[in-house]
Amino acid sequence: TIVTEKFDVAMKQEDLPQVERFFKIFPLLGLHDEGLSNFSRYLCKQVANKAEENLQLALQTDPTDRRYALLFADTLTLLFEGIARIVETHQPIVETYYGPGRLYALIKHLQAECDQQVEKVVEKFTQQRDYRRQFQHPRP
1 TIVTEKFDVA MKQEDLPQVE RFFKIFPLLG LHDEGLSNFS RYLCKQVANK
51 AEENLQLALQ TDPTDRRYAL LFADTLTLLF EGIARIVETH QPIVETYYGP
101 GRLYALIKHL QAECDQQVEK VVEKFTQQRD YRRQFQHPRP
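1 is the number of the first residue of the sequence shown in this note's numbering; add one for each residue after it.
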């Protein structure tokens with residue numbers, strides 16, 4: 001549909017006002033599921049980009065930094081807080097234009113993206129801290 005094409009253009013340009021504008025049009029056309037799916041895709045992309053940015057910053061942290069021991073926990077905290085902020089910010093829009101109960105579909109997509117990002121952070125943690133080797137041999 002034209003709305004989907006315009007939505008995709010706005011999404012590629014990362015133009016949030018236009019993304020939200022077209023997101024609000026989908027339910028008027030009876031395309032609730034398509035609108036939620038597209039908007040979820042946009043939000044998940046935002047989550048992935050921010051999570052990657054935060055992880056790269058964390059990996060550049062100097063080992064002498066006082067928060068170095070917590071850097072992966074901090075990275076996960078930023079991820080969770082970012083997703084909570086997205087839900088809190090967009091919940092009124094979803095419920096107003098799509099109806100009560102539709103937020104669940106959006107959260108399902110965000111949860112899947114969250115799981116992927118957590119996996120990346122945990123993988124970097126195990127690599128950087130040499131976790132597998134350290135705990136392979138029991139200590140006396």
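C-beta: ideal position from N, C-alpha, C; glycine also.
The structure displayed is predicted, hence computed values, not measured ones.
Simplified DSSP assignment, three categories, for residue i
i, result
"GLN117", "helix"
"PRO100", "coil"
"GLU123", "helix"
"GLY82", "helix"
"ASP15", "coil"
"GLY30", "coil"
"ARG41", "helix"
"PRO63", "coil"
"THR89", "helix"
"LEU1", "In the sequence as displayed, the identity of residue 1 is Thr instead of Leu. Coil, per DSSP."
"ARG129", "coil"
Cβ-based neighbour list, residue i, same chain, cut-off 6 Å, excluding 5 preceding and 5 following
i, result
"ARG102", "VAL94"
"GLN91", "LEU103"
"ALA51", "LEU79 and GLN117"
"LYS24", "TYR97"
"GLY30", "none"
"ARG129", "none"
Cβ-based neighbour list, residue i, same chain, cut-off 7 Å, excluding 5 preceding and 5 following
i, result
"PHE22", "VAL3, LYS6, PHE7 and ALA10"
"LEU36", "TYR98, ARG102, ALA105 and LEU106"
"HIS109", "SER40 and CYS44"
Would you call the stretch 82 to 91 and the stretch 38 to 55 in contact, with 3 or more CB pairs under 8 Å? yes
Could you tell me whether the stretch 62 to 81 touches the stretch 117 to 129, using the rule of 3 or more Cβ pairs below 8 Å? yes
Does the stretch 34 to 45 touch the stretch 109 to 116, meaning 3 or more C-beta pairs lie closer than 8 Å? yes
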